[in-house]
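Peer 1: Attaching a single structure in structure tokens format; questions to follow.
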Amino acid sequence: MAKDYYNILGVSKNVTAEELKKAYRRLAHQYHPDKVGGDEKKFKEINEAYQILSNTEKRRQYDQFGTTFEQGQAGGPGGAWEDVFRSGGFRTGGVEFDLGDIGEIFSDFLGGSGSRRRSRARKGADIESAVQIDFNEAVFGTTKTVELYKTVPCDRCHGAKAEPGTLVKECSTCKGIGTVTQVQQTILGSIRTQQTCATCEGEGKRFETACKKCHGYAIVKEMTHFKVKIPSGIDDGQVIRITGAGQAGAKGGPAGDLYLHVSVSKSHEFTRDGYDILSKVSMSIPQAVLGTIKTIKTVDGETQLKIPAGTAAGTKIRLRGKGVLHPHGGGRGDHIVTVDIEIPKRLSKEERKLFEELAQLRGDDVNHKKGFWA
Numbered sequence: 001m002a003k004d005y006y007n008i009l010g011v012s013k014n015v016t017a018e019e020l021k022k023a024y025r026r027l028a029h030q031y032h033p034d035k036v037g038g039d040e041k042k043f044k045e046i047n048e049a050y051q052i053l054s055n056t057e058k059r060r061q062y063d064q065f066g067t068t069f070e071q072g073q074a075g076g077p078g079g080a081w082e083d084v085f086r087s088g089g090f091r092t093g094g095v096e097f098d099l100g101d102i103g104e105i106f107s108d109f110l111g112g113s114g115s116r117r118r119s120r121a122r123k124g125a126d127i128e129s130a131v132q133i134d135f136n137e138a139v140f141g142t143t144k145t146v147e148l149y150k151t152v153p154c155d156r157c158h159g160a161k162a163e164p165g166t167l168v169k170e171c172s173t174c175k176g177i178g179t180v181t182q183v184q185q186t187i188l189g190s191i192r193t194q195q196t197c198a199t200c201e202g203e204g205k206r207f208e209t210a211c212k213k214c215h216g217y218a219i220v221k222e223m224t225h226f227k228v229k230i231p232s233g234i235d236d237g238q239v240i241r242i243t244g245a246g247q248a249g250a251k252g253g254p255a256g257d258l259y260l261h262v263s264v265s266k267s268h269e270f271t272r273d274g275y276d277i278l279s280k281v282s283m284s285i286p287q288a289v290l291g292t293i294k295t296i297k298t299v300d301g302e303t304q305l306k307i308p309a310g311t312a313a314g315t316k317i318r319l320r321g322k323g324v325l326h327p328h329g330g331g332r333g334d335h336i337v338t339v340d341i342e343i344p345k346r347l348s349k350e351e352r353k354l355f356e357e358l359a360q361l362r363g364d365d366v367n368h369k370k371g372f373w374a
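Following the working numbering, the numbering of the sequence shown begins with 1 at its first residue and continues without gaps.
As structure tokens, this is what we get:
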């Protein structure tokens, strides 16, 4: 009875080449005989179906002849169309297998890759640390010295791992290649895989005496100090990335990065709103009514603030260019001062009399009892 190759692979007759390959790979993984729960017979059927349907000419002939496809071939499988598979595969049990399509599947089961090369350089691990700065340092920017205990390249062997002057030899295991070839037998034949040489760790060489400082690891752990530029305008909780300030890389690879978490101390006088600095100024009722000049603090030092007559509580006075310095140019933000008017809780007899006279002149209805200000 002729086989239904489309049904075997679980695809429709109008399946695309990409969809066909995905279905084949999924089923090959599922039924591989070397896998627990695998099915050798089913695995062979899957490969046979794929080899027919993945070949444009054979698929056309199969679609044309239908159930008589095998008789339509000169000699059936192993006959005239057998040569199609000889260039890139092999036969086992009358079924053709193309290693070009299933090579990756084999590597999953056999634990390696045929294209594995000598171990490559690896980037070092990243580090996280923290730095504390005050309010003014965040406004104008600053430079801080950061202390870190981390791995750095060995300054004795300079990454060679060997004691200076020692004899370096070719690895006897891999013959200087850095990889070793392993051969495993499967139902489909011999499979060769390349893996990193365990003797030299992919270096291809061995040395008689390891470096006395790093003991052959090429890196050492020590306390390091370096300066970090904190940009102006940085805010509490922001993170600065310093490239190459992390742990040392392996096999000549670059160092990792440092992620520096910035903590900004609170100010007793100021708060921030983006690049603007905020503060408050208090004044008496007469000062609000008649106007005044107040000495206030800014991040640049003390300055005189002119408050016009008739200023109401909550009025905001803007000092332009007295705010936070932009990190990439563009000047500075502003310093915004909010006016707060102090209401006295107690008055002298003379002060009370003056307020009552003022209220009478203005025609204001006020409480004449002495309990509130007396």
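Idealized CB from N, CA, C, for every residue including glycine.
Predicted, not measured: the structure shown is a model, and the values here were computed from it.
Leaving out the 5 sequence neighbours to the left and right, which residues in its chain are closer than 7 Å to LEU148 when beta-carbon positions are compared?
Peer 2: Answer for LEU148: ILE127, SER129 and THR224, listed in chain order.
Peer 1: For the beta strand (DSSP E) holding ALA130, just list the boundary residues, first then last.
Peer 2: Here the beta strand (DSSP E) through ALA130 covers 127-133.
Peer 1: Looking only at its chain, what residues have a beta carbon closer than 8 Å to the beta carbon of VAL289, apart from the 5 residues adjacent to it on each side?
Peer 2: Excluding positions up to five away in sequence, the list reads ALA309 and GLY310.
Peer 1: Can you have a look at GLU342 and say buried or exposed, based on whether 16 or more other CB atoms are within 10 angstroms of its CB?
Peer 2: Exposed.
Peer 1: Whole angstroms are fine: how far does the CA of VAL228 sit from the CA of LEU278?
Peer 2: About 28 Å.
Peer 1: Does the distance from the CB of VAL139 to the CB of LEU325 come in under 8 Å?
Peer 2: Contact: yes.
Peer 1: Which one or two residues does DSSP pair with PRO231 in a beta bridge?
Peer 2: Partner(s): none; PRO231 has no beta bridge.
Peer 1: Could you check if ASN47 is buried or exposed, using at least 16 other CB atoms within 10 Å of its CB as the buried criterion?
Peer 2: Flag for ASN47 reads buried.
Peer 1: Bridge partners of ILE307, per DSSP?
Peer 2: Note: ILE307 sits in a beta bridge opposite THR292.
Peer 1: Can you check whether the CB of CYS211 is closer than 8 Å to the CB of CYS171?
Peer 2: Cβ atoms of CYS171 and CYS211: not closer than 8 Å.
Peer 1: Leaving aside the five residues before and after GLY244 along the sequence, list all residues of the same chain whose C-beta is less than 6 Å from its C-beta, in chain order.
Peer 2: Excluding sequence neighbours, GLY244 sits near ALA255.
Peer 1: Of the choices ARG25, ILE296, THR315 and LYS205, whose alpha-carbon is the least far from that of CYS174?
Peer 2: That would be LYS205, whose Cα lies nearest to the Cα of CYS174.
Peer 1: Would you tell me roughly how many angstroms separate the C-alpha atoms of ALA312 and GLY141, rounded to the nearest one?
Peer 2: Roughly 36 Å between the two C-alpha positions.
Peer 1: How far does the beta strand (DSSP E) with ILE240 in it extend, from its first residue to its last?
Peer 2: Residues 239-242.
Peer 1: Return yes when the Cβ of VAL264 is within less than 8 Å of the Cβ of ASP236, no when it is not.
Peer 2: Yes, the pair counts as a contact, with Cβ atoms nearer than the cut-off.
Peer 1: Rounded to the nearest angstrom, what separates ARG192 and GLY37 at their Cα positions?
Peer 2: Straight-line Cα distance between these residues: approximately 24 Å.
Peer 1: Pull up the CB-CB distance for GLY178 and GLU203, whole angstroms please, since I reckon it's below 8 Å.
Peer 2: Contact holds; Cβ gap of about 6 Å.
Peer 1: So is ILE293 buried or exposed if we call it buried at 16+ other beta carbons inside 10 Å?
Peer 2: Answer is exposed; the Cβ neighbour count stays below 16.
Peer 1: My understanding is that VAL180 touches ALA248, with C-beta atoms under 8 Å, so please give their C-beta distance in whole angstroms.
Peer 2: Actually they are not in contact, since the Cβ atoms of VAL180 and ALA248 sit about 28 Å apart, beyond 8 Å.
Peer 1: Comparing alpha-carbon positions, which option in ILE285, LEU354 and ALA250 lies nearest ARG122?
Peer 2: With distances taken between Cα atoms, ARG122 lies closest to ALA250.
Peer 1: Could you check which residue in THR143, GLY189, GLU201 and TYR217 has the C-alpha nearest to that of LYS161?
Peer 2: The shortest C-alpha separation from LYS161 is found at TYR217.
Peer 1: Note the first and the last residue of the continuous alpha helix (DSSP H) segment covering GLN30.
Peer 2: Residues 17-31.
Peer 1: Considering only C-alpha positions, which residue in the set GLU19, VAL337 and ILE8 is nearest to TYR31?
Peer 2: Checking every option, the nearest Cα to that of TYR31 belongs to ILE8.
Peer 1: Could you name the residues of the same chain whose beta carbon sits closer than 8 Å to that of ILE307, not counting the 5 residues immediately before and after it, in chain order?
Peer 2: Excluding sequence neighbours, ILE307 sits near VAL281, MET283, GLN287, ALA288, GLY291, THR292, ILE293, LYS294, ILE317 and VAL339.
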